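Residue numbers (this note's numbering): 3 to 209. Positions of the beta carbon are idealized from the N, C-alpha and C atoms, including for glycine. Here the structure is a predicted model, which means the values were calculated and not measured. Working notes for the structure below.
What follows is the structure in structure tokens.
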């Protein structure tokens, strides 16, 4: 199996651990699957921490470049103003350099604005939390499974599978008001709920 081979070479590889957790889940080896999904989440958090450090370094370099360009524009503007005040007949080299630097500064600002709002890589991915919830559910650790499903839909509000499992868990526990609240939340995000589950949740205890 490729996941096993990968883990032999890279014991902390989060995706290999994640794949192993799914394989073991399907085989019914839930305790071992739980070990692998936890390892996947820990590996993901380590990778995320490293990526955030790299991103901060990148943004720091961009900030330093912006400071340098601003200083350059200010110096060239002063030089250009001094040349014009003396009524020089020389080619306007300072003004040309000033315009070039302003264009470079504009490009740098656009690039920083485009990448400054980094995508959210913090926290455990919704898919990991969903599978973690599935494993816990099969182990009958229902409160923990619910927490994972809730975490999944918080991370990805359109995650229909997590909504379905969360609603089903509440329905099984007789928590109909909570199930209906989550159902409404899912439908607000256009997450499709299984028709039979939706019908059961809405009709139970109603005339």
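{"Asked": "Please classify residue 31: does DSSP put it in a helix, a strand, or coil?", "Found": "coil"}
{"Asked": "What three-state label does DSSP hand residue 153 in the structure shown?", "Found": "helix"}
{"Asked": "Does residue 38 come out as helix, strand or coil in the three-state DSSP assignment?", "Found": "helix"}
{"Asked": "Give the range of the alpha helix (DSSP H) segment to which residue 195 is assigned.", "Found": "Note, residue 195: premise wrong, no alpha helix (DSSP H); not H, not E."}
{"Asked": "Using only CA atoms, which one of 158, 154, 163 and 139 lies nearest to residue 131?", "Found": "154"}
{"Asked": "Can you grab the Cα-Cα spacing for the pair residue 44 / residue 178, in whole Å?", "Found": "34 Å"}
{"Asked": "Quick one: give me the first and last residue of the alpha helix (DSSP H) that residue 169 is part of.", "Found": "162 to 174"}
{"Asked": "Looking at residue 269: is its Cβ nearer than 8 Å to the Cβ of residue 151?", "Found": "Since the displayed the chain opens at 3 and closes at 209, residue 269 lies outside it and no answer follows."}
{"Asked": "Throw me the rounded Cβ distance for the residue 16 and residue 51 pair, which I believe falls under 8 Å.", "Found": "With 8 Å as the limit, residue 16 and residue 51 do not qualify as a contact, their Cβ atoms being about 12 Å apart."}
{"Asked": "Tell me the DSSP secondary structure of residue 143 in three-state form.", "Found": "coil"}
{"Asked": "Determine the direct distance from the alpha carbon of residue 70 to that of residue 147, and round the result to whole angstroms.", "Found": "52 Å"}
{"Asked": "If we call anything under 8 Å between Cβ atoms a contact, is residue 36 one with residue 141?", "Found": "yes"}
{"Asked": "Which value, in whole angstroms, describes the spacing of the CA atoms of residue 58 and residue 182?", "Found": "42 Å"}
{"Asked": "For residue 189 and residue 195, I'd like the C-alpha separation in whole angstroms.", "Found": "8 Å"}
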